[in-house]
Structure formats: structure tokens, C-alpha cells
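Student:
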Amino acid sequence: MTASVPAAAGGLPPGVSLDDLIDAAQHEDGVGFCLDCGAENHGVEPDAERYPCESCGALKVYGAEQIALLTIF
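Going by my numbering, the sequence shown opens with residue -13, and the numbers climb by one from there.
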């Protein structure tokens, strides 16, 4: 079962499931997601905030672990 919370509510980026987020965090391979477009970005620190998106250019890429923390709290 996959869950998704709107990013505007402090939830997950568009098109990113909770399973996607957990998988990215567990593999520790520098993956982050854009809160604007939902694109997966690489070379992202776990606690990253406001990195530029490789896809849309928005300064809204957050590390997978950081998104998880922000979603929980």
C-alpha cells in the first residue's frame, strides 16, 4: 500500500509515494526529490534543503531523509 500526502500540507512531493521515499532513504545513494515537480535528483545530501532541481530549476530539492522528517513533524 502506498500513501501520499500533498506537498502543500508538508507532505510528499507530487508523484512520490511513501515507498519511494523510504527506498531512497534506505539506499543512502544521495537521492532527493523536488517539492515542486516531484523529480528525483541525485548527489543530494540526506539533510539537503532548497537545492536546485535538475529538472525544473526550482530551489525546492530536499534530501529523502529531510522530507521524511518534515513530513512526520
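The beta carbon of each residue, even a glycine, is placed where N, CA and C say it ideally should be.
Here's the rule I'm using: 16 or more other beta-carbon atoms within 10 Å means buried, otherwise exposed. How should residue 20 be labelled?
Tutor: On the sequence shown, residue 20 is found 34 positions in, with the first residue counted as 1. Buried, because 16 or more other Cβ atoms sit within 10 Å of the Cβ of residue 20.
Student: Which runs of the alpha helix (DSSP H) fall wholly inside the region -10 to 57 and span at least 4 residues, in chain order?
Tutor: With a minimum length of 4 residues, the continuous alpha helix (DSSP H) runs that stay inside the region -10 to 57 are 4 to 13.
Student: If I measure Cβ to Cβ from residue 24 and keep anything under 6 Å in the same chain, skipping five residues before and after, which residues do I get?
Tutor: Numbered from 1 along the sequence shown, position 38 holds the residue referred to as residue 24. Excluding sequence neighbours, residue 24 sits near -1, 0, 1, 2.
Student: For residue 57, I'd like the list of residues in its chain whose CB is within less than 6 Å of its CB, leaving aside the five on either flank, ordered along the chain.
Tutor: One-based indexing of the sequence shown puts residue 57 at position 71. Result list for residue 57: -3, in chain order.
Student: Go through its chain and collect everything with a Cβ distance to residue 41's Cβ below 7 Å, but skip five positions before and after it.
Tutor: As a working note, residue 41 is residue 55 in the sequence shown. Counting only Cβ-Cβ distances below 7 Å, and skipping sequence neighbours, we find 20, 23, 25.
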